[in-house]
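Engineer: Would you mind keeping the following structure in view while I ask a few things?
Number of protein chains: 2
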Amino acid sequence: MSTKTKNAGAPDTRARIIRAASALMQRQGYDGTGIKQIAQQAQATLGSVYHFFPGGKQELAVAAIHHGDREFAEELSAALDADDDPAAALTALCQDLAAGLAASDWPAGCPITATALGPAGRAPDIQAAAAAAFARWRALVHTKLRTAGIPDPAAHDLAHLTISTIEGAELSAQVSQSTEPLEIAGRYLAQLVRAAR
Amino acid sequence: MSTKTKNAGAPDTRARIIRAASALMQRQGYDGTGIKQIAQQAQATLGSVYHFFPGGKQELAVAAIHHGDREFAEELSAALDADDDPAAALTALCQDLAAGLAASDWPAGCPITATALGPAGRAPDIQAAAAAAFARWRALVHTKLRTAGIPDPAAHDLAHLTISTIEGAELSAQVSQSTEPLEIAGRYLAQLVRAAR
DNA sequence: GTCTATAATAGGATAGAC
DNA sequence: GTCTATCCTATTATAGAC
Chain A
-17 MSTKTKNAGA PDTRARIIRA ASALMQRQGY DGTGIKQIAQ QAQATLGSVY
33 HFFPGGKQEL AVAAIHHGDR EFAEELSAAL DADDDPAAAL TALCQDLAAG
83 LAASDWPAGC PITATALGPA GRAPDIQAAA AAAFARWRAL VHTKLRTAGI
133 PDPAAHDLAH LTISTIEGAE LSAQVSQSTE PLEIAGRYLA QLVRAAR
Chain B
-17 MSTKTKNAGA PDTRARIIRA ASALMQRQGY DGTGIKQIAQ QAQATLGSVY
33 HFFPGGKQEL AVAAIHHGDR EFAEELSAAL DADDDPAAAL TALCQDLAAG
83 LAASDWPAGC PITATALGPA GRAPDIQAAA AAAFARWRAL VHTKLRTAGI
133 PDPAAHDLAH LTISTIEGAE LSAQVSQSTE PLEIAGRYLA QLVRAAR
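So the sequence lines, in the order shown, correspond to chains A and B.
Mapping of the first sequence onto this note's numbering: position 13 corresponds to residue -5, and the numbering continues sequentially without gaps.
Mapping of the second sequence onto this note's numbering: position 150 corresponds to residue 132, and the numbering continues sequentially without gaps.
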């Protein structure tokens, strides 16, 4: 076994820093989150942060977005795998998202939106990481829809719409401090998927 | 005529400041935008900014959100009034939004999302202003759908879905630097509205 | 790899002349 | 209402001991 493989038991400072950056930027955005705050939350020192991320805040944000990307991809995959019917799976996912948002008291929306929105114009690597995340999520839905028998022009478009709508409903729910947008989105996405067969 | 009514010809520093704050925060977010930058863009001095907004940056953000609220409400109203059929009107609106986003080179998404996302958790007045904007936009769509003959449980839900989907599609388009999410959203929203009759 | 100290700069906000 | 100067704090980032 190579020494480069991760040893899961160790304190793993680098992973703690990424998790802290991801969680804080998800709620406060890129510019609203300080590196010192990240270090404190990760129980690391400033020196350790710059040791692992010599590229500074931008490199940290890219790592945070990759982390949020994988995080939501796993949640999405689990939800899609839980039911053969994609319509039912999407409805259940929206309910789970609504419950998570309410449990966080609303600040914890999409794992990458707030991180990417502000600096996307100035930092191309941050924009690219966010675009890759959206594309991966779309691809997961696309595969599920095709497996369920929906042919390809429709499956491609529905995958796009699904990510857009879930993203927008989570944003609306967060801003309005209500689960209603996500509940409604789940119902209509199911209706559209069922109509596409 | 009262002296309190606005005299449209004057340089109107206060309005220039609000417009600058709205435009900058739309692209860079609340924390990514400095008051000095706003003053510079508005061709005003720091003293003038604090003269009109003694509450500082938070009061400025609330005014910027109100400005973006009215701005999009007018665009939405105009789009809905342009066609008797709400389905066709929504499709046209999505195409207009896509064109505007591409013309801005992608940074100019929803007028209030970036402004509200970061500080919503800490500043209740900013969150409330953003929630009011979303509610107003939903109400405009709701009225249009009811006028077009869609009964009320469906019209209410469809208004919610419309705002969520447009919001999410604009976000996806911005992040992905592509007009495709908005084009697809426009098509499916039209399909759902037509099916609701 | 970790820690502290510090440099260099930019941020929000205020004071007071005009 | 406008302008300039300034205070105070926080920020990113680096240096160098351990």
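C-beta: ideal position from N, C-alpha, C; glycine also.
None of the values given here were measured: they were computed from a predicted structure.
#1: Given a limit of 7 Å on CB to CB distance, which residues of the segment 120 to 143 of chain A reach chain B?
#2: Please state whether DSSP places Trp88 (chain B) in a helix, a strand or coil.
#3: Going by the CB atoms, is the gap between Glu56 (chain B) and Pro93 (chain B) shorter than 8 Å?
#4: Taking the CB atoms as reference points, tell me whether Ala141 (chain B) and Leu127 (chain B) lie closer together than 8 Å.
#5: Please return the same chain residues whose Cβ sits closer than 8 Å to the Cβ of Arg118 (chain B), not counting the five positions on each side in sequence.
#6: Excluding sequence positions up to five away, which residues of its chain have a Cβ less than 6 Å from the Cβ of Asp65 (chain A)?
#7: Taking C-beta pairs closer than 7 Å, name the residues in chain A that Asp51 (chain B) reaches, listed in chain order.
#8: Please confirm whether Gly150 (chain A) has its beta-carbon closer than 8 Å to some beta-carbon of chain B.
#9: Report yes or no: do three or more beta-carbon pairs, one from the segment 122 to 139 of chain A and one from the segment 36 to 46 of chain A, lie closer than 8 Å?
#10: Within 8 Å (strictly less), CB to CB, does Gly103 (chain A) reach chain B?
#11: Can you tell me whether Ala85 (chain B) is buried or exposed, with buried defined as 16 or more other CB within 10 angstroms of its CB?
#12: What span of residues does the alpha helix (DSSP H) with Asp134 (chain A) cover, start to end?
#13: Mind checking the segment 159 to 176 of chain B against chain A and listing, in chain order, the residues whose C-beta falls within less than 8 Å of any C-beta there?
#14: Can the beta-carbon of Gly91 (chain B) be found closer than 8 Å to that of Leu143 (chain B)?
#15: Any beta carbon of chain A sitting closer than 8 Å to that of Ser146 (chain B)?
#16: For Thr97 (chain B) versus Tyr12 (chain B), is the C-beta distance shorter than 8 Å?
#17: Just reading off the alpha helix (DSSP H) that Pro163 (chain B) is part of, what are its end residues?
#18: Which whole-angstrom value describes the C-beta separation of Leu6 (chain B) and Gln19 (chain B), a residue pair presumed to lie in contact below a C-beta threshold of 8 Å?
#19: What residue range does the alpha helix (DSSP H) around Thr27 (chain B) cover?
Structural biologist: In short:
#1: Only those residues of the segment 120 to 143 of chain A whose C-beta falls short of 7 Å from the nearest C-beta of chain B are listed: Asp139, His142 and Leu143.
#2: In the second sequence, residue 88 (chain B) corresponds to position 106, counting from 1. DSSP places Trp88 (chain B) outside both helix and strand once states are collapsed to three, so it counts as coil.
#3: Taking the first residue of the second sequence as position 1, residue 93 (chain B) is located at position 111. Taking the first residue of the second sequence as position 1, residue 56 (chain B) is located at position 74. Not a contact, by the Cβ cut-off of 8 Å.
#4: As a first step, residue 141 (chain B) is located in the second sequence; it is residue number 159 there, counting from the start. As a first step, residue 127 (chain B) is located in the second sequence; it is residue number 145 there, counting from the start. Going by C-beta atoms, Ala141 (chain B) is nearer than 8 Å to Leu127 (chain B).
#5: Your numbering for residue 118 (chain B) matches position 136 in the second sequence. These residues qualify, in order along the chain: Asp51 and Ala55.
#6: Residue mapping note: residue 65 (chain A) aligns to position 83 of the first sequence, counting from 1. The answer, listed in chain order, is Ala71.
#7: Residue numbering aside, residue 51 (chain B) sits at position 69 when the second sequence is read from its first letter. Residues of chain A passing the Cβ test: none, with the nearest at roughly 12 Å.
#8: Taking the first sequence and counting its residues from 1, one reaches residue 150 (chain A) at position 168. Yes - at least one Cβ of chain B is within 8 Å of the one on Gly150 (chain A).
#9: no
#10: Mapped onto the first sequence, residue 103 (chain A) falls at position 121. True, the Cβ-Cβ gap to chain B drops below 8 Å.
#11: Position 103 of the second sequence, counted from the first residue, corresponds to residue 85 (chain B). Burial call: exposed.
#12: Counting from one through the first sequence, the residue named residue 134 (chain A) turns up at place 152. Asp134 to Ser158 is the span of the alpha helix (DSSP H), which, as asked, contains Asp134 (chain A).
#13: Taking 8 Å as the Cβ-Cβ cut-off against chain A, the residues of the segment 159 to 176 of chain B that qualify are Gln159, Glu162, Pro163, Ile166, Ala167, Arg169, Tyr170, Gln173 and Leu174.
#14: Here the question's residue 91 (chain B) lines up with position 109 in the second sequence. Here the question's residue 143 (chain B) lines up with position 161 in the second sequence. Not closer than 8 Å, so no.
#15: Start at 1 with the first residue of the second sequence, and residue 146 (chain B) comes out as number 164. Taking Cβ atoms only, chain A reaches closer than 8 Å to Ser146 (chain B), which makes this a yes.
#16: Locating residue 97 (chain B) in the second sequence gives position 115, counting from the first residue. Locating residue 12 (chain B) in the second sequence gives position 30, counting from the first residue. Yes, they are a contact pair.
#17: As a first step, residue 163 (chain B) must be located in the second sequence, where it is residue number 181. Glu162 to Ala177 is the span of the alpha helix (DSSP H), which, as asked, contains Pro163 (chain B).
#18: Taking the second sequence and counting its residues from 1, the one referred to as residue 6 (chain B) is at position 24. Taking the second sequence and counting its residues from 1, the one referred to as residue 19 (chain B) is at position 37. Confirmed, Cβ separation roughly 6 Å.
#19: Along the second sequence, one-based indexing puts residue 27 (chain B) at 45. Premise fails: Thr27 (chain B) is in no alpha helix (DSSP H) and is neither H nor E.
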